[in-house]
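For the sequence shown, position 358 matches number 358 in UniProt numbering, and the numbering has no gaps at all.
Notes follow once the structure below has been shown.
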Amino acid sequence: MSSTTPNPYLRFMSANEPLQGPGSHSSASASHPGQRGTSSPTRKRRPRRSTATNNPNAGPVAPSAASRPTAPKSTFRSRKRKAHPHPAEEEFNRPRHQATFEGRLRRYLPTVLLPLGVVLATILVLALAGIMLTGLSLRALPATMAHLWLIINLVPISIPGSLQIGILPLAPALVMVAVLARRINKAVKDRVSIADLLVLGLIALGIPILGTLSAAAVIADAKAVYPVDIPPMGLALARTVVLHLMAFALGMGEKLWRALATRYSVPQELIDGALLARSFLRLMVMVIAPITIFCLLLLHWPVQDSILSAYASRLGIAGAILLSLLYLPNLAIHTAAVLMGSEFHFGDAQVSLFGTTLVPLPPLPILGFLPASLPTWAPAALIIPALTALFLLWRAPRPHWFTALGAALSSALIFAVSLWLASGQLGVYPHVGSLLPLSGALAGLWIGILSLAAAALTLLQPRPIPEVAPEPEVEEEPTPEVIEGELIESEEEPEQDSNAPQDPPETTVEDSETGDSEPEAEAQECWFDTPDMGEEHEESAPEEPEDPPAH
């Protein structure tokens, strides 16, 4: 650094330090503030600027000699925190080894393994509690855990000669699906490729399939000791795949589905229809059906008392209530099917809006809402799905033909799969559930036909003509008037900007003979090349005075 260069740190020194005088300025500024030595100034922390030093062009003000430092020197040095990159940027700058199959496998394995590990830990706790309550040996622990895994994945279980359970509670399976879908959505919400989706889908389906096969192998090994039976493998694998495929599809999210539709040239209206069907089924199953069940339970409260009185202990009553709550999602789906016009069968018993027939049922409090008879106005409840669909269509944007098609197909498929997972055999009752083909078709028709009607009405309505905004009127500038060859400016003078630079005052030229002064900027004369104007000017020109006659 040159000795003539002023020290930049002098501006930020404390006001209590004396400044260098003119004689010592060169020696003080010759050494860099960062160098070690006795003659170099010590670097101070930047103080808070006072009002006297707000002007950066002003030089430092010398303090008084009586001022002294009031605070000790701080040795704390602040470090810059390194900003974490955005997940999308981190994904874009992914190393090469993570772009391989092994890298993707290591990256997405925890996404599925962690929630399934929590499920296995819960199964272990429940199995140990069941063994302790029933007094069985710990040798039954693997078989108990295998059965609990099958129950959570909605795989039918059977005990030879005593009990067969094909309809299993949906509540634990729904909790597992919700957790898996949330984890998958967190993994793909920022940036993902087609290869990443394939690897993640392979993991999301492969690990549960391996778990079901392992559970079946454990049950087959315990068959020689305990009265257990191997479940039908085709049905077991099908239900496992469908359940975890639903979790994967829900975890992908709307944005990713739209991106895939754009990539493969699928109309976006089909995605809109699928979302409309999802909203329709969600309202019917999660809102309207539970309200209907609650109202029927209140109307048939004496039946609940008679069912609960059949249990001798409070533990039995608590178990019956807990089992009823676990089966509540199953009954909500079947109640929605009945409200759409389908039939619910419990063995030989059937319930619909057009008639009901009951037989002796298991002593569960949740089954007490089934009515023994129906009023004559019961078919009027068919207006409920119609009003639900109309409400969603009223809130949705203008429907399209593809929107109606997507809504009908998606609603029928999703509702049919849900009914298949919520139905099955229960002991001596060969089938418990709604009519599968009829219920799926009705779910698709309700939302599909009304969406089609809304699309037709949209096309028939005249589209409003967009109003054209009037053009703003432009004020015409005053035009100069020409009178007899003279240019006369308008009387209105244009407003001058106060900030605009003004012309200097015009100078005047004085006549040396008369002393009169005339401004240079007089009224200018305008001459045209037209002959008429020339003749007029010639006639109007003053005649020269003739010479006086000589006397």
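Virtual Cβ for every residue (Gly too), placed ideally from N, Cα, C.
Nearest-angstrom Cα separation, counted from SER342 out to residue 580
Residue 580 falls outside the range modelled here, since the chain spans only 1 to 551, and no answer is possible.
Considering only their Cβ atoms, is the gap separating SER410 from ALA277 smaller than 9 Å?
yes
Quick one: is LEU210 buried, meaning 16 or more other Cβ sit within 10 Å of its Cβ, or exposed?
exposed
Excluding the 5 residues flanking LEU200 on each side, which residues of the same chain have their C-beta closer than 6 Å to its C-beta?
TYR108
Between LEU281 and PHE415, how many whole angstroms is the CB-CB distance? I'm expecting something under 8 Å.
6 Å
Which value, in whole angstroms, describes the spacing of the CA atoms of residue 552 and PRO160?
In the structure displayed, the chain extends from 1 to 551; residue 552 sits before or after that span and is not available.
For VAL359, three-class secondary structure by DSSP
Residue state, collapsed to three classes: coil.
Using the DSSP secondary-structure output, state which residues sit across from GLN164 in a beta bridge.
The partner list for GLN164 (beta bridge, DSSP) reads SER158.
HIS334 in three-state terms, based on DSSP:
helix
Do you know whose CA, among GLY253, LEU243, ALA127 and ILE165, lies nearest VAL188's CA?
GLY253
Report the rounded CA-to-CA distance for LEU459 versus ALA195, giving the unit in angstroms.
41 Å
Are TRP432 and GLN425 touching if we call contact CB-CB under 9 Å?
Note on residue identity: the sequence assigns Val, not Trp, to residue 432. In this structure, GLN425 lies closer than 9 Å to VAL432 by Cβ.
DSSP puts ALA349 in a beta bridge; with which residues?
PHE346
Take LEU450 and list the residues in its own chain whose beta-carbon comes closer than 8 Å to its own, dropping the five residues that flank it on each side.
ALA386, ALA389, LEU390 and LEU393
Looking at C-beta atoms only, is the number of pairs between the stretch 232–242 and the stretch 370–377 that lie closer than 8 Å three or more?
no
Roughly how many whole angstroms lie between the Cα atoms of ASP272 and PHE101?
34 Å
Taking the C-alpha atoms as reference points, what is the distance between LEU163 and GLY427?
For LEU163 and GLY427, the gap between their C-alpha atoms comes out near 5 Å.
PRO169 versus MET176 - alpha carbon distance:
13 Å
Rank GLY355, VAL359 and MET340 by C-alpha distance to the C-alpha of ALA349 and give the top, closest one.
The residue with the shortest Cα to Cα distance from ALA349 is VAL359.
What are the boundary residues of the beta strand (DSSP E) that VAL432 is part of?
429–434
Beta-carbon gap between ALA143 and ILE230 smaller than 9 Å
no
Is LEU426 helix, strand or coil when you go by DSSP?
strand
Under the three-state DSSP convention, the category TYR108 falls into
helix
Cβ-Cβ separation, PHE344 to LEU361 (assumed contact under 8 Å), whole Å
Incorrect: roughly 12 Å between the Cβ atoms, too far for contact.
Assuming LEU138 is part of the alpha helix (DSSP H), what are its boundary residues?
No alpha helix (DSSP H) holds LEU138; DSSP gives it neither H nor E.
Would you call the stretch 307–319 and the stretch 259–273 in contact, with 3 or more CB pairs under 8 Å?
no
Which same chain residues, not among the five before or five after ASN330, have their C-beta less than 6 Å away from its C-beta?
LEU170 and ALA422
Let me make sure I understand the geometry here. Which of ILE165, GLN268, TRP149 and LEU283 has the alpha-carbon closest to that of THR212?
TRP149
Per DSSP, what kind of secondary structure is ASP190 in: helix, strand or coil?
Three-state DSSP puts ASP190 in coil, outside helix and strand.
Please identify the residue among VAL118, GLU269, ALA121 and ALA217 whose C-alpha is closest to the C-alpha of PRO397.
GLU269
Considering only their Cβ atoms, is the gap separating GLY448 from LEU419 smaller than 9 Å?
no
From MET246 to ALA127, what does the alpha carbon distance come to, in whole angstroms?
27 Å
Is ALA443 near ALA337, with beta carbons less than 9 Å apart?
Remark: C-beta atoms of ALA443 and ALA337 approach each other more closely than 9 Å.
Determine, using beta carbons only, whether LEU116 and LEU198 come nearer to each other than 9 Å.
Contact: no.
Excluding sequence positions up to five away, which residues of its chain have a Cβ less than 8 Å from the Cβ of ALA332?
Counting only Cβ-Cβ distances below 8 Å, and skipping sequence neighbours, we find VAL285, MET286, ALA289, PRO290 and ILE293.
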